[in-house]
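Protein chains in written order, with the working numbering: chain A, 97 to 471; chain B, 13 to 379; chain C, 916 to 1166.
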């Protein structure tokens, strides 16, 4: 026990003496949280649109006005033919093209329905669907307005049957603030990256320098060694996590509907898993470079499959099963459940327990793998 | 010249012998493609929806069947009251709930207005909106069929998604992956390689040798250029064979631009290595300082148009951003140099800038 | 007590100790012993197997065959007890460069279970003895090589081990500094600590009570410096060395 104390003391002395590293590990998460929280969004701002209006009537002009009136579209070009469409899309001058064919007004008046074509540049994919839904909703609103105001030929304009009253309600995150959703997850990712990188290269570094051999000759046990490597970084990561939470609250106003204690419980268990993983990586690599690479590779896979950027529910079944073995997934889920939805112990108890068990398992792996002597 | 080649050979052997790193560098692109193609999706499917049906009848059964038939939803429970719904929303087992009115069949028959409530888990505003949209569309469609709506004016929209008609996930991300993988391989490896040489002291030995410093850097960097090309090819092969990602433009142009970008990233790696005092700092700087911005600010996952203005400006200095436009242009749109010359020029400019800064920094460090 | 063989009075005793790496035999069935309080020199050219042999004796490397006891404990089955009673100074000195002199001493003292009070007193003693009183709070990175070596040696002795192993401890310093280092070794020996030191400086060999010369993994000659010279039929140890390491030389 005393041995562990002395080893932990040494780690702290080393960490805080290295100014650049301390700077990095405290600053990088902060800066990145501030930048990334603002960047990580699929929100679509003004969409550049080109309208090809072959009808050129008051009704079609009215549609164009409606499009320009909202903040979602900016009609950059208004053409009578579709000659320039391909080039405009290819050159990324516009993202969407609305083609209003001839007889637009006439069709509406005569038959009560008219077609239009919408072409979207879907090279950036995620937004295409959103842009489409914006356009559709504007078109739908215009159609309803015309329904009331446009004089129609159809004699048999029957009294409308009862309309559908579909009331929609969003639960949790009433302000639809995407940041409230992303910031908790970003905190996890940043803490994870720093923590894993630090522990992964720690042991290999001592190995490269020769101090590891010296330690191995002492009566220090494997358990004492791993514990002493774990504790300082565990505390440090919790500190980084707390800083992140503070920024989240002060700068982004993230909700904290549930009990923060649950969040910290999860964080403590989670960090044991992640740092233990880093230590284990340290025991299977020979150079710092290898350690960083393996760690980086692992981080990336874990982060991508954790539901951080894209929902786990959207993944195919097999990926969802695989995600169950991903500690990041569970921690992110707990964070979001507690902070955004206000979930309690009944919901998050199991994942936290799972993290705890995983943590013990990973540490056992690291201890088992570590050798004081070469066979 | 011979000394230089010998040096290149030494670096290559060094790289080849490091089995672990090599395996990861080769495995990395392939795994990435697979993950992005299969697992990273922004679309929503299989939504867990609960239905509250106080008085089940023909009409409600009809609607429930409609919803069950759609593969976007799966009904996790049909109850007669909203009890327990709150808890299930909270623990995430239910993402949406549709509350039906009483005596729906009779109301429809009498021509009364129908009032339904759709509750959606809005913690993630994006998927919340998407789920809400889908559910609304199904209910709307059902209503229009059950209650014929003659005479309501409709604008029928046909939409086409150009360049990526099915919004295939892989098509979206693979071009970005090429950029991402190259950035990591080139910049990271270079930064590490050079700082490691410095840390172990062998750099000084090399400087005393008759090889010129420029040649040293070049020699260090050549194996990674080759590795970069191999990575690009791996990504492309994986993308095409597994996901049918198109390559509508010229392969030669793609490889040429990739070559340019590899050098850009390598030059950036050199710059990083000159600024970092040791390996660990170089790695953290390269990973945290390069990887995340590349992922987030280059348009790889999150569209640049969605970024707030200041970040959009920041993205102009991320080399990957420009390369991404080029790759997407060539692969998805079949664009040629005529369309892409501006972006190419920007990359060339950045490369020269990095090379100048890098070599000057190295000269100071070593000289 | 746990399995200590009290009949054995040797500090170190090996029997046919061997280490192979694949086809290559690094240490070839060496048999020798070191008396308590003796300063024993392990000589040999680079690559002769000295470091490998030491690493086996300190428990960092498992032997392929043969046996050895250190401080009365078997190196294979009682490795932990061995570690408690030995000190080690590697070629790389293995002090933490980014810690101060005092912090290094405190660390190893703590690991070896030296009481806090003793750590304080012994730190003072060490600093005084080596002449680093005013450099106690300097980073090890900053102090000159000769002092680093003496510090590493003192740290190895901090917990009063029975035996201390030194692997090429005096590389890269001038003869006067080396001489000062050997004074420390004598003091340790006089206090009853056995010292096994490897070196390729032949003048240092003369300082040892007994020496052994390793050639290609095996012990080619062993005894006091005088005995070895007589055995090989040479005037100086230099000659001994040349005779033994020249190809075709008789063992």
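Where a beta carbon is used, it is the ideal one built from N, C-alpha and C, also for glycine.
- [ ] Kindly indicate which three-state DSSP category residue 285/B falls into: helix, strand or coil?
- [x] Judged by DSSP in its simplified three-state form, residue 285/B adopts helix.
Task: Residues near residue 234/B by beta carbon distance below 6 Å, same chain, minus five either side - done: 20
- [ ] Can you say whether residue 353/B is buried or exposed, counting buried as having 16 or more other CB atoms within 10 angstroms of its CB?
- [x] exposed
Open item on the list: Considering only DSSP beta bridges, list what residue 13/B is partnered with.
Closed with: None, per the DSSP bridge assignment.
TODO: Using a cut-off of 7 Å between C-beta atoms, extract the partners of residue 472/A located in chain B.
DONE: Any answer about residue 472/A is impossible in this case: the structure gives chain A only from 97 up to 471.
Open item on the list: Looking at chain A, is there any beta carbon in it that lies within less than 7 Å of the beta carbon of residue 1005/C?
Closed with: yes
- [ ] Step through the CB atoms of chain A and report whether any lies within less than 7 Å of the CB of residue 240/B.
- [x] no
Task: Bridge partner(s) assigned by DSSP for residue 193/A - done: 146/A, 215/A
TODO: With residue 327/A as the anchor, note down where its beta strand (DSSP E) starts and where it stops.
DONE: Residue 327/A -> not in any beta strand (DSSP E); alpha helix (DSSP H) instead, spanning 318 to 348.
TODO: Could you check how far apart the C-beta atoms of residue 280/B and residue 366/B are, in whole angstroms? I think they sit under 8 Å.
DONE: 5 Å
Open item on the list: Here's the rule I'm using: 16 or more other beta-carbon atoms within 10 Å means buried, otherwise exposed. How should residue 360/B be labelled?
Closed with: exposed
- [ ] Mind listing, in chain order, the continuous beta strand (DSSP E) runs of no fewer than 3 residues lying wholly within the segment 999 to 1058 of chain C?
- [x] Within the segment 999 to 1058 of chain C, the complete beta strand (DSSP E) runs of at least 3 residues are 1001 to 1004.
- [ ] Say whether chain A places a C-beta atom closer than 7 Å to the C-beta of residue 976/C.
- [x] yes
Open item on the list: For the structure I just gave you, are there three or more beta carbon pairs, one from the segment 247 to 257 of chain B and one from the segment 189 to 205 of chain B, closer than 8 Å?
Closed with: These segments touch.
Open item on the list: With a threshold of 7 Å between beta carbons, is residue 251/A in contact with chain B?
Closed with: Interpretation of residue 251/A is limited by its pLDDT of 48, a score under 50 that renders its predicted location unreliable; the figure taken from the coordinates is listed afterwards. So, not an interface residue.
Open item on the list: Using a Cβ-Cβ distance cut-off of 7 Å, determine whether residue 303/A contacts chain B.
Closed with: no
Task: residue 155/A beta carbon less than 7 Å from that of residue 201/A - done: yes
Open item on the list: Please report the distance separating the alpha-carbon of residue 988/C from that of residue 924/C.
Closed with: 11 Å
Open item on the list: Helix, strand or coil, according to DSSP, for residue 52/B in the structure here?
Closed with: coil
Task: Interfacial residues, the segment 373 to 407 of chain A to chain B, with Cβ spacing under 7 Å - done: 381, 384, 385, 386, 388, 389, 390, 392, 393, 397, 400, 401, 405, 406, 407
Task: residue 339/B at chain A interface by Cβ criterion, 7 Å - done: No, because no Cβ of chain A sits closer than 7 Å to the Cβ of residue 339/B.
TODO: Tell me, please, which residues DSSP counts as bridged to residue 63/A.
DONE: Since the displayed chain A opens at 97 and closes at 471, residue 63/A lies outside it and no answer follows.
- [ ] Output, in chain order, the set of chain A residues within a Cβ distance shorter than 9 Å of residue 1086/C.
- [x] Within chain A, no residue comes near residue 1086/C; the closest Cβ sits about 14 Å away, beyond 9 Å.
Open item on the list: Give me, in chain order, the residues of the same chain whose beta-carbon lies closer than 6 Å to that of residue 916/C; leave out the 5 immediate sequence neighbours on both sides.
Closed with: At residue 916/C the pLDDT is 44, less than 50, meaning the model places this residue with poor confidence; the figure from the coordinates comes in the next sentence. Answer for residue 916/C: no residue qualifies.
TODO: Please state if the CB of residue 288/A and the CB of residue 370/A are separated by a distance shorter than 7 Å.
DONE: yes
TODO: Classify residue 939/C as buried or exposed, calling it buried when 16 or more other Cβ atoms lie within 10 Å of its own Cβ.
DONE: exposed
- [ ] Could you tell me the boundaries of the alpha helix (DSSP H) in which residue 310/A lies?
- [x] Its alpha helix (DSSP H) spans residues 307 to 313.
Open item on the list: Starting from residue 360/A, trace the alpha helix (DSSP H) in both directions and tell me its first and last residue.
Closed with: Unbroken alpha helix (DSSP H) run through residue 360/A: 356 to 380.
Task: Residue of 343/B, 321/B, 348/B minimising C-alpha distance to residue 256/B - done: 343/B
Task: Boundaries (first-last residue) of the alpha helix (DSSP H) holding residue 79/B - done: For residue 79/B, the uninterrupted alpha helix (DSSP H) run begins and ends at 70 to 81, by DSSP.
Open item on the list: I want to verify the contact list: residues of chain B whose CB lies under 8 Å from the CB of residue 141/A, in sequence order.
Closed with: 317, 318, listed in chain order.
Open item on the list: I'd like to know whether the C-beta of residue 269/A is nearer than 7 Å to at least one C-beta of chain B.
Closed with: yes
- [ ] Could you work out which residues of chain C lie near residue 298/A, taking near to mean beta carbons separated by less than 9 Å?
- [x] Chain C residues near residue 298/A: none, gap ~13 Å exceeds 9 Å.
Open item on the list: Looking at the secondary structure, which residues open and close the alpha helix (DSSP H) in which residue 183/A lies?
Closed with: 181 to 186
Open item on the list: Please report whether the beta-carbon of residue 313/A lies at a distance below 7 Å from any beta-carbon of chain C.
Closed with: Yes, contact with chain C.
Task: Where the segment 120 to 140 of chain B meets chain A: residues whose CB sits under 7 Å from a CB there - done: 123, 124, 125, 126, 127, 128, 129, 130, 131, 132, 133, 134, 135, 136, 137, 138, 139, 140
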